[in-house]
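Mapping of the sequence shown onto the UniProt record's numbering: position 106 corresponds to residue 106, and the numbering continues sequentially without gaps.
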Amino acid sequence: MRIRKILNNNIAIVTRGVNESIIYSPGIAFHKKVGQSVSEDEVQKNYVLDSKDRLEHLSYLLTHSEQKMIEITNQIVDWYEIDVDAKIDDYLYITLLDHISFMIKRGQKEEFIMSPLLWEVKKFYPHFYALGIRAVQLISREYAIDFPMAEAVSIALHFINIQDEKTNISEKLQDIGVLRDLLNIIKYHFKTDFDENSINYLRLVTHLQYFIERLNSNRAYNSDQTMLYEQVKTIYPSAYEVVQKIEKYIIEKYNQEISQDEYTYLMIHINRVTERAGN
Numbered sequence: 001m002r003i004r005k006i007l008n009n010n011i012a013i014v015t016r017g018v019n020e021s022i023i024y025s026p027g028i029a030f031h032k033k034v035g036q037s038v039s040e041d042e043v044q045k046n047y048v049l050d051s052k053d054r055l056e057h058l059s060y061l062l063t064h065s066e067q068k069m070i071e072i073t074n075q076i077v078d079w080y081e082i083d084v085d086a087k088i089d090d091y092l093y094i095t096l097l098d099h100i101s102f103m104i105k106r107g108q109k110e111e112f113i114m115s116p117l118l119w120e121v122k123k124f125y126p127h128f129y130a131l132g133i134r135a136v137q138l139i140s141r142e143y144a145i146d147f148p149m150a151e152a153v154s155i156a157l158h159f160i161n162i163q164d165e166k167t168n169i170s171e172k173l174q175d176i177g178v179l180r181d182l183l184n185i186i187k188y189h190f191k192t193d194f195d196e197n198s199i200n201y202l203r204l205v206t207h208l209q210y211f212i213e214r215l216n217s218n219r220a221y222n223s224d225q226t227m228l229y230e231q232v233k234t235i236y237p238s239a240y241e242v243v244q245k246i247e248k249y250i251i252e253k254y255n256q257e258i259s260q261d262e263y264t265y266l267m268i269h270i271n272r273v274t275e276r277a278g279n
């Protein structure tokens, strides 16, 4: 790698063939000059971006962020990559560093975010919420700011989003909102609270998550099992009533009707979770 541009003592833009990237390591550019080579062993982090705009954006953020903030961001991403055993798109460094920078500025003014999605993210994405908690604890410790743990939701959403490159944060938030609404329809119909630690509740949540994915792609279950549908409808009339309510919601939200097979599986899962013996 050869240095194309020195941004500060810790950061430089380098070239390898026709490709450019940003390297970071404390003191790496000290006493270096443009055109000199840098070995892999000297580099703590090499940021590889897929466009010139992103490279310039990250260059700006890195040069305007203190070293501690950069290393915190690198540490959080390292935790994620170790947890999922996969390398991620370095674009995450842009969004996460930008988020952490603004988060610290808010925290210094004691302006904290209490996310309305705390319950949803904690329940449906516990692994990413735990990573967010770990990140908030690190930032709180390094900057001596007592952040509420609800701040972990905003960080968790960065990692939730990159699980599916075709899904952006706004779409993911919409799916979480739909899941919450479906659970509330069931809850208020039966006038009961769920045992959120029960196997049947977890199965229902998982089924609803896949149900929402099928709605998004317009791929409903449809195997024409009319006989099974009629049997389940007769055996579980209360579950059938609540699925009718769910269908009204789905028609309004997605302009789609629920197939017989979807009805059948929803009734079965709903009956399991709402039967006292199944909790």
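Yeah, the Cβ is synthetic: ideal placement off N, Cα and C, and Gly gets one too. Computed from a predicted model, the values in this text were never measured in an experiment.
Bridge partners - residue i, DSSP secondary structure assignment
i: residue 281; result: Absent from the structure is residue 281, since the part of the chain shown begins at 1 and ends at 279.
i: N46; result: I23
i: S37; result: R2
Nearest-angstrom Cα separation, counted from residue j out to residue i
i: K166; j: H57; result: In this prediction, K166 has a pLDDT of 46, which is less than 50 and means its spatial position is unreliable; what the coordinates show is noted afterwards. So the two alpha carbons sit approximately 22 Å from each other.
i: N218; j: N184; result: 23 Å
i: L182; j: M103; result: 32 Å
i: V84; j: I76; result: 13 Å
i: D193; j: E111; result: 34 Å
i: Q260; j: L118; result: 34 Å
i: N197; j: V153; result: 21 Å
i: A220; j: E252; result: 17 Å
i: K245; j: S238; result: 11 Å
i: K68; j: I11; result: 14 Å
i: I155; j: E81; result: 15 Å
i: V136; j: Y129; result: 10 Å
i: V121; j: I113; result: 15 Å
i: D78; j: I133; result: 15 Å
i: residue 287; j: L55; result: No answer is possible for residue 287: the residues shown for the chain start at 1 and end at 279.
i: R2; j: L92; result: 25 Å
i: H31; j: N8; result: 11 Å
i: residue 315; j: Q209; result: Nothing in the structure corresponds to residue 315, since the chain is present only between 1 and 279.
i: I70; j: I139; result: 11 Å
i: residue 307; j: Q225; result: Nothing can be reported for residue 307: it is not among the residues displayed for the chain, which extend from 1 to 279.
i: M267; j: T274; result: 10 Å
i: I160; j: D41; result: 32 Å
i: G278; j: Y254; result: In this prediction, G278 has a pLDDT of 41, which is less than 50 and means its spatial position is unreliable; nothing more can be read from the coordinates.
i: E151; j: L179; result: 22 Å
i: R214; j: I186; result: 20 Å
i: L131; j: M227; result: 46 Å
i: N216; j: D195; result: 28 Å
i: K109; j: V243; result: 47 Å
i: H99; j: D90; result: 15 Å
Beta-carbon proximity of residue i to residue j, cut-off 8 Å
i: V38; j: S21; result: no
i: I23; j: V43; result: yes
i: H269; j: L204; result: yes
i: Y229; j: N271; result: no
i: H189; j: E241; result: yes
i: K45; j: N74; result: yes
i: H158; j: L61; result: no
i: V34; j: K5; result: yes
i: S101; j: S65; result: yes
i: S59; j: I94; result: no
i: F211; j: E262; result: yes
i: F124; j: I176; result: yes
Span of the alpha helix (DSSP H), counted from its first residue to its last, around residue i
i: K105; result: Y91 to Q108
i: Y240; result: P237 to Y254
i: L118; result: L118 to F124
i: R203; result: I199 to S217
i: residue 284; result: This structure cannot settle anything about residue 284, because the visible part of the chain is limited to 1 through 279.
i: E71; result: Q67 to V84
i: I270; result: Q260 to T274
i: E56; result: K52 to T63
Any non-hydrogen atom of the ligand SAH closer than 7 Å to residue i Cβ
i: E110; result: This structure does not include the ligand SAH; it has no bound ligands of any sort.
Continuous beta strand (DSSP E) stretch holding residue i: start and end
i: S21; result: N19 to Y24
Cutoff 8 Å: residue i Cβ touching any chain D Cβ
i: E81; result: As a matter of chain content, chain D is missing from the structure shown, which is built from one protein chain.
Checklist entry - For the region 137-151 against the region 188-206, are there 3 or more C-beta pairs whose distance is under 8 Å? => result Between the region 137-151 and the region 188-206, the count of Cβ pairs shorter than 8 Å is below three; the stretches do not touch.
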